[in-house]
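Below: the structure, in structure tokens.
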Amino acid sequence: MYNLTTLKIENIILSDEDKKKANISNISFDPGSQSAENGNISLICCKEAFCDLYSLLETEILDFQFLSEIRACCLIMKNGDIILVHNNASVSKEQVEIIGSVDGGIVAAKWAPDETVLAICTGNAKFLLMSQNFETISEIPLLESDINISNHVSVGWGRSETQFQGKRSKTAPRDPTIPEKIDKGLLSHLDDKLTRISWREDGAFVSLSRIDVETRRIIRVFSRNGALDSVSQPVDYLESLLAWKPSGSVIASIQRKPEELDVIFFERNGLRHGEFSLKLLLSNEEPILDIQWNSDSSLLSILVSNKIQLWYMSNYHWHLKYEIKFKSSKSISIKWHPEIPLMLSLINDGNLLLYHFTWIIISSPLNLSYDYGTVAVIDGDNLRLTPFKIANVPPPLSFRDIKLSRIPTSISISKDSNCILSLAENIVEIIHWPLNIDSAAFPEITNKLDLTELVDDAYYPRQILYLEDNIFCILFDVCNKSDILFFLFNSYKEVKLLNNISFEPKIALIDLGLYEKSIVAESIEGKVFNLSLEKDYKISNILLFSLPLLCCYMKSTLYLENKIIFFLSDSGKLFANDQLISTNCTSFICSKEYLVFTTTSHLVKFVKLTSKIDDFIIPSDNVTNIEVRFIEKGSKIISIIPSITALIFQMPRGNIETIYPRILVLSEIYESIKLKKYNHAFLSCRTHRIDTNILYDYNPSQFLNNVHLFINQIDSSEYLNLFLSTLKEDNLTETLYNIELKKESNIAFEKKVTNTSFSKVNTICDHVLKALEIYSDDKYMESILTAHLSKIPADYDSALKLIINLKNINLNNAQKAIKYICILADVNMLYNHALSLYDLQLALYIAQNSQKDPKEYLPFLQDLQKQTVNRRCFTIDNYLEKYEKALTYLVKLGNDVFNEICDYVVLHNLYREAMKAFKDDPVSYNKILELYAVYHEKNNHFKESALAYEILNNYEYAIAMYKKAGLWRKALTLAMKSKISSDDMNKLAESLSCIMQDKRKFCDAADIEIYYLKNLKEGLRLLCKSFDYNKAYELAQYYNSSELIQDIIIPGLLEGFFELTELFYELSSQLKIQVERVRVIRKKREQNSQTYFDSKDNEDIPDNISLADTNTSTSVSIFTRYSTYTTTTNINEKKDKANRREERKKAYKQKGSIWEEEYLLNSISRLIDRLEDARKDAEKTIQGLLLEKLNEKANLLQKQMTCLVEDVKECLEEMFSYTIENLPENMKNSIRTLPIVRPINELKILV
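Using my numbering, the first residue of the sequence shown is number 14, and each one after it goes up by one.
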């Protein structure tokens, strides 16, 4: 799809000391010394240039090469001489040096591309390979027997003999390995009898074309060390021209048959490998002077006496892309630059011209009204046209072809693709192609304009642009300047020159501007101009900016009234105006809102256009989102079609691929939503598999306000069903389809959406249902059902009630609706909900449209049909596990089934519902309440059970339940209310006292002993056990029993003192040992964490350090009262098995495990909790000891407690702050938060 155009043409003129023009005979590029952009050129000027070479140049020069390493020019002469001409020779060294002479003369010579090996074919049939120092590497005689080295066998692939002919084939199949005609190697009548040499680009092999015994021309291939590798198969009419493709795949040559002229190709093994014909473009009698490949193997140049043809292969078809015509002369030669692929030198009659080419795409402008995506491809005098919006046709095929009178230099397509201009020399052909009227129309030439009389003969036309209103402009080169001429034509083949403008230095490229009758021009110095043709045909010229280097491709776009021109250099630099935005670009194109370009990393990137270029966000190569996409290696952008969001690529081999980038599709959909074109947006979603939720998510308030418009535009029940059935709660514009676009916001609605109770799906369905009320049920019946069933949760009942109503009107439509919902929703749910509506016929229809076995549902439905209404409803609700509703129908069956009701209530735990149903029937109510009491008793809900028995006046059971619940006051109160005997009362009180003591509620047990059992002594003992000394003193004084103070309270104080002293000692010892162990663990981990965790430490663990989780402790000790875990801990049955297994694993880990530090820190935290609980009891004990003048013991207990609290405070920050910062994440989550230790309030009275 790419075409070739000239970027600039340079005429190199050299002069001698007398300022006379020097004729140039040959050139050699110096790739190692790049000067500016063209590279240094070493030249030899014949005769007039160097008088000291006059005698040497009498003979023909066979090869001329500049050797960059020794900075000298090497001339290989036909007489056998090898000459070096030194560049900037020193005084001690002569400028011209004859290295030596080859015996027998030289018939062909060629340096290897790396300039290290020289290949020479001598006149006495020898092939020499010489080093850079002109030492012989190998000398090979050329013998006739060399032809036997290659035994070529053709299996006839593609020939008719290898194809299936059928049983009625008239001719018997022949051996395909035997060719139809065996070539003998006959010579062409125009063969120049020359010997030619061509190297492969890597210098590993060299080919030699030579006539053997004057009867046959063969091609030999030698390796770098001189070994004969292969000899070509015999080919009739093969000529001497030879060119090895730089990529190394084939060797090109010329075959001139009696009526055909072909370029043929050989593989390295000597076998033929394809060809293409020159017959249509060149005369069979016209001699071909040279063929050469450019450095990247993309172009094959063919030189004849008066023109150069540049051929390009794409998709295995050869296209003639460009033709340079010139006056014929005796001295003509061409040469490609070895490093710049598109620089060609032409020497014609002593004049040197340098052609700088570039690849361009000839396409129609991006006009949204006529974005056909028309691309033109030049193939000789054939113009191939393809509008990609209509047909995706890859080259070499095309949608339409048109034959031109000449090979065009430039092509221009109008905005509507109706008019195409072809420029060839000074002839402009007007092609009319009415695509906007008839997409199947054929293009035809309607006008041919001859500009010869309007322009000078010296003008060289390079580029043409069609503006509008039959106005076009042409870029001409003349001498050292460029002229841009504006013309006006009409249908009568009349053309008028409107105006012209000159530029010096020359203009490299021109392209259409963004305004009417305007163009953008770039000079060879990088200056960018905007030219506009005014109403009076005056030309306004504005210098926009200057680029740092010459760019070879440019396109303009207009975004928010800001003009942006993008430029691409041959080195891959992409500019937006004069700002560099990418350095690895290979192709680009502009759409309405995005810049799309490909990179050398085989990515295509999408850049959102902004009013300021500085705000462009170029996605990085590592980003994987909708702004970056992988493409095939070497793919380039051909065109973009905004109306269908299509992006067309051409692969390196030439085939075409069209993609629809998600970001462009979303941008187009969002634009359609903004314009309320819901039909176009929906169809785009459906075509490109975009979730239709974005129709709502992009602008929720707008959608809900225009539901009627949405339904009218899509005008299809099927499309509406598709939309409703794919609804989901997620906002896709914030997740899956999140691109930066300006969205219309509704703040009030957004606040509503943030409400957790808001359901997007249900809201849409409700609005659609409301909108569908005005339509007939027949058209949108399925949509109404879909709206009900798409809700979350699905509204099965509403959908089924709709079908029930429809069934009463039209049974046929109802059956169709049932079939539809059975496909849309879960059949089992529909069947169950149909039963819940107690419509057996509807349930039967649904079951028949499901995969259910009739043996299962038919007996069940038949049994239901036989039952009474209430019994049927009960059976259905019980089947559907709607037990509360089933109970209501069971109650309606009357007292005859009361026992069944009781059993049903107990079975399904429906006590409350039953009591509510029998609230007006005291007998039945009490029976249910009694069952409820039994239920609570079984489930250990003793308080609730006791209350129920108390309501039923069953005091015996109520007292028993209060006793089990530990509510001793309620139990004793109820016992007194029931007036039980005193003995029974005492027994009850004694049992309750024991229960309270077992639960370590000593204060409650003391109250029972004192007030109900009248046992003051035991009550005071229990108060002292609970450290409530103040109450004990109060009761002793109240009952005037001072002896009880000596007998009970003082011993209780001493017992509490010893208990607390022992506790504080144990806690202090445990704290020191655990803190020290944590420090050792951390030190080892800092030194070598891997060694520590992998080792097994066999040191004994002190008995008072437990690595097991204290949550699993099952024993009660004297310290249990000071722990938050005072009773046996039940394992939570709902925990996952894996979690329990992990907990057990932690609990039984030995010392040195990775969990040890976690256990120790949690143990310290629990120790602090126990200390905080014990401090309250210690303060009460200290006060009691002081009252009994036991100051030493009080002082000792306070000091012991104070020291322990201070030790805890000291280690607290070290232990737990280190944990939070340094422990792994899995351990951080298991460590408890930093404990809080209250400050100590010491008694001032203690000394």
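Idealized CB from N, CA, C, for every residue including glycine.
As the structure is a computational prediction, the values presented were derived from the model and not from experiment.
- Counting C-beta pairs closer than 8 Å gives three or more between the region 835 to 853 and the region 808 to 815, which meets the contact rule.
- Cys886 sits in a helix when the DSSP states are folded into three classes.
- One thing to note: Gly118 has its Cβ within 8 Å of the Cβ of Asn92.
- Judged by their CB atoms, Ser582 and Asn597 are not nearer to each other than the 8 Å cut-off.
- Under the three-state reduction of DSSP, Pro400 is assigned to strand.
- Around the beta carbon of Thr387, 16 or more other beta carbons sit within 10 angstroms, so the residue counts as buried.
- Per the DSSP secondary-structure output, Met143 pairs in a beta bridge with Leu131, Thr149.
- Uninterrupted beta strand (DSSP E) stretches at least 3 residues long and entirely within the region 281 to 341 occur at 285 to 290, 301 to 306, 312 to 317, 320 to 327, 330 to 338, given in chain order.
- Assignment of Ala659 by DSSP, reduced to helix, strand and coil, places it in the strand class.
- Within the DSSP secondary-structure output, Tyr479 pairs in a beta bridge with Phe485.
- With a threshold of 16 other beta carbon atoms within 10 Å, His286 falls short and is exposed.
- Here the region 1031 to 1039 does not lie against the region 992 to 1002, with fewer than 3 beta-carbon pairs under 8 Å apart.
- No Cβ-Cβ contact shorter than 8 Å links Leu587 with His369.
- Here Glu640 carries a coil assignment [DSSP, helix/strand/coil].
- Here Ile40 is not near Lys320, since their CB atoms are 8 Å or more apart.
- Distance from the CA of Ile555 to the CA of Leu677, rounded to the nearest whole angstrom, comes to 34 Å.
- For Glu606, no beta strand (DSSP E) segment is defined, and its DSSP state is neither H nor E.
- The DSSP assignment places 896 to 905, 911 to 921, 924 to 930 as complete runs of the alpha helix (DSSP H) inside the region 891 to 949, in order along the chain (cut-off: 4 residues).
- Around the CB of Asn912, fewer than 16 other CB atoms lie within 10 Å, so the residue is classed as exposed.
- Taking a contact to require three or more Cβ pairs closer than 8 Å, the region 436 to 455 and the region 358 to 366 do not qualify as touching.
- Listed as beta-bridge partners of Val276 by DSSP are Ile267, Phe289.
- When DSSP reads this structure, Ile653 sits in a beta bridge with Leu660.
- Contact check for Leu546 and Ile484: beta-carbon distance about 7 Å, within the 8 Å limit, so the pair qualifies.
- DSSP lists Phe79, Val98 as the bridge partner or partners of Cys86.
- Taking every protein chain shown into account, the CB of Gly1069 has 16 or more other CB atoms within 10 angstroms, so this residue is buried.
- Residues Asn16, Ala389, Ile424 of the same chain have their beta carbon placed closer than 6 Å to that of Ile375, with the five preceding and five following residues left out of the count.
- Distance from the CA of Lys895 to the CA of Asn744, rounded to the nearest whole angstrom, comes to 36 Å.
- Boundaries of the alpha helix (DSSP H) harbouring Cys1037: 1029 to 1038, taken from the DSSP string.
- Look at Ser236 here: in three-state DSSP terms it is strand.
- Using a C-beta cut-off of 8 Å, the region 685 to 692 makes no contact with the region 411 to 421, since fewer than three inter-stretch Cβ pairs fall below that distance.
- Annotation for Arg223: no alpha helix (DSSP H) segment contains it, though the beta strand (DSSP E) segment containing it runs 218 to 225.
- Looking at the DSSP output, Thr371 shares a beta bridge with Thr18.
- Counting along the chain, the unbroken alpha helix (DSSP H) around Ser1004 starts and ends at 995 to 1011.
- Glu897 is positioned such that its CB atom lies closer than 8 Å to that of Glu926.
- Distance check between Asn825 and each of Ala838, Lys804, Tyr975, Asp791 places Asp791 closest, using alpha-carbon atoms only.
- Contact between the region 1179 to 1193 and the region 1050 to 1061 is absent: fewer than 3 CB-CB pairs across the two stretches fall below 8 Å.
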